[in-house]
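Down below is the structure, laid out as structure tokens.
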Amino acid sequence: MGVGNQDQTAFEFRGDWKEFFPIAASNLLLTFVTLGVYRFWATTRERQYFWSRTRFIDDTLEWTGKGKELFLGFIMAIAALLLPILGLQFLIQALILQGQTVIAGVLGLGFYVIILFLAGFATFRALRYRLSRTHWHGIRGGSDDPGARYGLSYIWKTLVGGLALGLLIPWSMTSLWADRWNAMSFGPHRFESTPEWGGLMKRYLLLYLVPVGALILGGVAAVSSGSGEGVAAMAVLLVLAFYIVLPLIALGYYAAYFREVVGTLSLSTINFQFTARTKEWFLLFLGNAGLFVLALIVALIPISALGLLSGFGDMQPGQDPFTQNPGLIVGMILAIVIPFSLVGPFIRYRNWRFFIRNLEATGEINLDALTQSQTRVGSHGEGLFDALDMGAM
Amino acid sequence: MIPAWHYDGQTATRHEVGIVAEDDALRLRFADGRTERVPWADFVWHDRRDGASIFGRRSVDGWRIGIPLPMTDLLARRLPSQSRYGGLVDRFGIWRAVVGFSALSAAVILTVWKAPDILAPLIPMSWEQRLGDAMIGDLGGRICDGPEGQEALDALVRRIDPKGSPLRVRIVNVDMVNAAALPGGQIVVFRGLLQEARSPDELAGVLGHEIGHVRNRDVMQALLRQMGLSLLLGGVGGDVGGALNSLLAASYSRAAESRADTYAIAAMRTANVSPVATAQFFERMASDEKKLGKGAIAFSYMSSHPLSEDRRRLFMSSVQKGAAYTPAVTPTQWRAIVDACAKDPDVKEGDLF
Numbered sequence: 047m048g049v050g051n052q053d054q055t056a057f058e059f060r061g062d063w064k065e066f067f068p069i070a071a072s073n074l075l076l077t078f079v080t081l082g083v084y085r086f087w088a089t090t091r092e093r094q095y096f097w098s099r100t101r102f103i104d105d106t107l108e109w110t111g112k113g114k115e116l117f118l119g120f121i122m123a124i125a126a127l128l129l130p131i132l133g134l135q136f137l138i139q140a141l142i143l144q145g146q147t148v149i150a151g152v153l154g155l156g157f158y159v160i161i162l163f164l165a166g167f168a169t170f171r172a173l174r175y176r177l178s179r180t181h182w183h184g185i186r187g188g189s190d191d192p193g194a195r196y197g198l199s200y201i202w203k204t205l206v207g208g209l210a211l212g213l214l215i216p217w218s219m220t221s222l223w224a225d226r227w228n229a230m231s232f233g234p235h236r237f238e239s240t241p242e243w244g245g246l247m248k249r250y251l252l253l254y255l256v257p258v259g260a261l262i263l264g265g266v267a268a269v270s271s272g273s274g275e276g277v278a279a280m281a282v283l284l285v286l287a288f289y290i291v292l293p294l295i296a297l298g299y300y301a302a303y304f305r306e307v308v309g310t311l312s313l314s315t316i317n318f319q320f321t322a323r324t325k326e327w328f329l330l331f332l333g334n335a336g337l338f339v340l341a342l343i344v345a346l347i348p349i350s351a352l353g354l355l356s357g358f359g360d361m362q363p364g365q366d367p368f369t370q371n372p373g374l375i376v377g378m379i380l381a382i383v384i385p386f387s388l389v390g391p392f393i394r395y396r397n398w399r400f401f402i403r404n405l406e407a408t409g410e411i412n413l414d415a416l417t418q419s420q421t422r423v424g425s426h427g428e429g430l431f432d433a434l435d436m437g438a439m
Numbered sequence: 075m076i077p078a079w080h081y082d083g084q085t086a087t088r089h090e091v092g093i094v095a096e097d098d099a100l101r102l103r104f105a106d107g108r109t110e111r112v113p114w115a116d117f118v119w120h121d122r123r124d125g126a127s128i129f130g131r132r133s134v135d136g137w138r139i140g141i142p143l144p145m146t147d148l149l150a151r152r153l154p155s156q157s158r159y160g161g162l163v164d165r166f167g168i169w170r171a172v173v174g175f176s177a178l179s180a181a182v183i184l185t186v187w188k189a190p191d192i193l194a195p196l197i198p199m200s201w202e203q204r205l206g207d208a209m210i211g212d213l214g215g216r217i218c219d220g221p222e223g224q225e226a227l228d229a230l231v232r233r234i235d236p237k238g239s240p241l242r243v244r245i246v247n248v249d250m251v252n253a254a255a256l257p258g259g260q261i262v263v264f265r266g267l268l269q270e271a272r273s274p275d276e277l278a279g280v281l282g283h284e285i286g287h288v289r290n291r292d293v294m295q296a297l298l299r300q301m302g303l304s305l306l307l308g309g310v311g312g313d314v315g316g317a318l319n320s321l322l323a324a325s326y327s328r329a330a331e332s333r334a335d336t337y338a339i340a341a342m343r344t345a346n347v348s349p350v351a352t353a354q355f356f357e358r359m360a361s362d363e364k365k366l367g368k369g370a371i372a373f374s375y376m377s378s379h380p381l382s383e384d385r386r387r388l389f390m391s392s393v394q395k396g397a398a399y400t401p402a403v404t405p406t407q408w409r410a411i412v413d414a415c416a417k418d419p420d421v422k423e424g425d426l427f
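Chains A and B supply the protein sequences, listed in that same order.
Quick note: this note's numbering has the first sequence finishing at residue 439, numbered continuously throughout.
Quick note: this note's numbering has the second sequence finishing at residue 427, numbered continuously throughout.
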């Protein structure tokens, strides 16, 4: 069976936000009344929706993960890892207080290395879990690699990447991507990842040169005019450089990185591509930021109404408006919490849609040879990843 | 026989099959005449898309059958129903589940809120003292512990709190108009408060209130409550939980504050110290608050203590006509307290945060 050509894209997203809204809203309600415990089931329902609206060639993907797996994974991560880490942190603080700074320093370094290891390990396990719960035509992915080796290479590659003022970061990013994906498989086939980092250096170096350039330009402007205006011009240039130009260049680098790592990924006879350029990434983030603005507008209407009703405009010292109107505090919190809590699910919706719309695949698939994955299926989900709050990264 | 599609979970090949509902199983008939029998109990619901309901088998990874909708009554009865929110919620229906979960969550919050009242007195005093010592230790060298100032302060404390286990009251070199009770009978007074106070009687009133918290064992209660709530609301996730938590647990409960005031008034009455100055202090703080606005008073006395007109009136009304009030300490001692930080040569200065 042929995969993707000029006329037809292999991946297609057919979601509809009006269809997604009831899922996001009921997830929010249930998460709220369970003091957050439902969020694992909420994540599962979101993914079920995203996957089932994602078509690859002739059939949709299927998310077969369960909320219980994510919940168990989270509990296990907390019990097995986070408590010892917190304990170690307290120990280090106690040692510093007692003047044992050398031992505290050594422990602190060890602590940093452990965190690095766990971050790498968690990233690997999250990818493994997601592939093992993704079915297409009844076939799933996975890996038999437990991820400890990846955790170790994550430590040293991150440290080396940070050397030389972070100049080797493109190398560590691409190399770690390859380490991760070369350990994964789908059905009987291994993924193959062979990214090159040399081509990314041009954009990466720009990230260095722009702040320096802005400083020089601003300095020249300040000296040549020798006036307050020159200094003001320099300040404006610096602010522009740091808050607008620099993030755009970083985005340009990331767009190139993502095109490179996806474009050099293959599975048996299928090659993947990612088409989004900097402009598309920029529009994605602009839209996501727009969702926050929208939530703010939606929240402001009931808040100003409540505020006017309860006389916030005429507040007296020693008077606590909240104790006098106990319903008010609940109303205010809900007016803020509800719209802003809905931003998260819709950002994930937009991100997934962006990812699938820009993902392409070409080649041939032999369905008879695409047999079931023999990798082990773990009983728990990406708990550590979740516990370290790495989804936010 | 009803037409359906099928993946066997072994290869990705899609099979067109016919299905027949039997008494205890569903029979699949393949194009080549082969058949497969699947017991009803082995089915799980998976999805509903492209005009079909999709089911899997519990025991076979990737096994799927897509049955076109609408299904016959017989099939609909035998096959598992659609799962929407997760097992428990589906069983009760979403609205009943919401009511049930809300009740359960309210009970959990109430328990966390009330449990410290019972738990705090059970905590051994030695633990509490160690905790208080650790918190004092965190202040580092910022305690103004020159002998004169400390002695004078101890004299003031003895005057309003002559009985009971000894308290440790210290002056901290931080420019903040505030005082706070820590676990283990430790009380800290910040330098800013001493500079703001106009007489030893004012300090006696403020200290009497903090001593009230210590003697009523409010400190451990408040601490436990804050810890419990942050653990609990940490689950809600992110800033929402954090903001809720600080709103709910920022300080002592209103009842505890009022009990501490009652304690302070009684202590001052026994010691023959006039409560007028304390009432005036509250009045001054309140007018500062009005002048400076809410933002400027963060971390100060007004932000962690209620400052109502009621409180001023309470202290004013406790004045006894004809009582032989005397100043809480002598003028010399008062100077020593106010200058405690300036006279301490090796004290460090700094912000708390």
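Backbone N, C-alpha and C fix where the C-beta goes; we use that ideal spot for every residue, glycine too.
If you're wondering where the values come from, they're calculated on a predicted model, not measured in any experiment.
Put residue i into one of helix, strand or coil per three-state DSSP.
{"i": "A:N317", "result": "strand"}
{"i": "A:G236", "result": "The sequence given here has Arg at residue 236 of chain A, not Gly. Strand at A:R236."}
{"i": "B:H23", "result": "Lying before the first or after the last residue shown, residue 23 of chain B is absent from chain B, which here runs from 75 to 427."}
{"i": "B:L153", "result": "coil"}
{"i": "B:D135", "result": "strand"}
{"i": "A:G409", "result": "strand"}
{"i": "A:E242", "result": "coil"}
{"i": "B:Q224", "result": "helix"}
{"i": "B:D37", "result": "Look at the range of chain B in this structure, 75 to 427, and you will see that residue 37 of chain B is not part of it."}
{"i": "A:P348", "result": "helix"}
{"i": "A:G111", "result": "coil"}
For residue i, go through chain A and note every residue whose CB falls closer than 8 Å to its CB, in chain order.
{"i": "B:D68", "result": "Here chain B comprises residues numbered 75 to 427, so residue 68 of chain B is not present and cannot be evaluated."}
{"i": "B:H120", "result": "E108 and T110"}
{"i": "B:V172", "result": "L75, L76 and V79"}
{"i": "B:R123", "result": "S98 and T106"}
{"i": "B:L205", "result": "Correct list: empty, because the minimum Cβ distance to chain A is about 13 Å."}
Skipping 5 residues on each side, what residues in its chain have a beta carbon closer than 7 Å to that of residue i?
{"i": "B:D98", "result": "P113 and W114"}
{"i": "B:P274", "result": "L230, P401, A402, V403 and W408"}
{"i": "B:G160", "result": "none"}
{"i": "A:T324", "result": "L297, G298 and A301"}
If you follow the beta strand (DSSP E) that residue i is part of, which residue opens it and which one closes it?
{"i": "A:W182", "result": "T180 to W182"}
{"i": "B:T109", "result": "T109 to P113"}
{"i": "B:V91", "result": "R88 to A95"}
{"i": "A:Q94", "result": "Where A:Q94 is concerned, there is no enclosing beta strand (DSSP E), although the alpha helix (DSSP H) it sits in stretches over R85 to S98."}
{"i": "B:V243", "result": "R242 to V246"}
{"i": "B:A255", "result": "A253 to L256"}
Verify the contact flag: residue i, CB atom, against every heavy atom of the ligand SAH, threshold strictly below 7 Å.
{"i": "B:S176", "result": "The ligand content of the structure shown is nil, which means the ligand SAH is not present either."}
Using a Cβ-Cβ cutoff of less than 8 Å, which residues in the same chain neighbour residue i once the five nearest sequence positions on both sides are dropped?
{"i": "A:G212", "result": "none"}
{"i": "B:A317", "result": "Note that B:A317 scores 47 on pLDDT, short of 50, meaning its location in the model is unreliable; the coordinates nonetheless yield the value given after this. Contacts found: none."}
{"i": "B:Y337", "result": "G282, H283, I285, G286, R289 and N290"}
Could you name the residues of the same chain whose beta carbon sits closer than 6 Å to that of residue i, not counting the 5 residues immediately before and after it, in chain order?
{"i": "B:T270", "result": "The sequence shown places Glu at residue 270 of chain B, not Thr. Cβ neighbours of B:E270 beyond the five flanking positions: V251."}
{"i": "A:L330", "result": "F400"}
{"i": "B:S334", "result": "The sequence as given places Ala at residue 334 of chain B; Ser does not occur at that position. Correct list, in chain order: H283, G286 and H287."}
{"i": "A:G166", "result": "Y196, G197 and Y200"}
Closer than 9 Å by beta-carbon distance: list the chain B residues that pair up with residue i, in chain order.
{"i": "A:D414", "result": "T85, A86 and T87"}
{"i": "A:Q420", "result": "Result: empty, since nearest Cβ-Cβ is about 10 Å, beyond 9 Å."}
In chain B, which residues lie with their C-beta within 8 Å of the C-beta of residue i?
{"i": "A:A113", "result": "Before going on, a small fix: residue 113 of chain A reads as Gly here, not Ala. Residues of chain B passing the Cβ test: G160."}
In terms of residue numbering, what span does the alpha helix (DSSP H) encompassing residue i cover?
{"i": "A:G197", "result": "A194 to G212"}
{"i": "A:I295", "result": "L292 to G309"}
{"i": "B:G206", "result": "M199 to D212"}
{"i": "A:I185", "result": "From DSSP, A:I185 is part of no alpha helix (DSSP H) but of the beta strand (DSSP E) over I185 to G188."}
{"i": "B:R265", "result": "R265 to E270"}
List, in order along the chain, the chain B residues whose C-beta lies closer than 7 Å to that of residue i?
{"i": "A:T417", "result": "Q84 and T85"}
Cβ closer than 9 Å: which chain A residues qualify as neighbours of residue i?
{"i": "B:G138", "result": "Residue identity check: residue 138 of chain B is Arg in the sequence provided, not Gly. Simply E108, H181, H183 and G184."}
*Listed from N- to C-terminal order along the chain, which residues in the stretch 69 to 84 of chain A have their beta-carbon within a distance smaller than 7 Å of any beta-carbon of chain B?*
S72, L75, L76, V79, T80, L81, G82 and V83
*Which residues, in chain order, does the stretch 143 to 170 of chain B contribute to contact with chain A at a C-beta distance below 7 Å?*
Y159, G160, V163 and I168
_Contact set between the stretch 180 to 191 of chain B and chain A, restricted to residues whose Cβ is under 9 Å from the partner_ = V182 and I183
_What are the residues in the stretch 229 to 252 of chain A lying within 9 Å of chain B by C-beta distance?_
G233
*the stretch 337 to 360 of chain B: positions lying closer than 7 Å to chain A by Cβ*: A360
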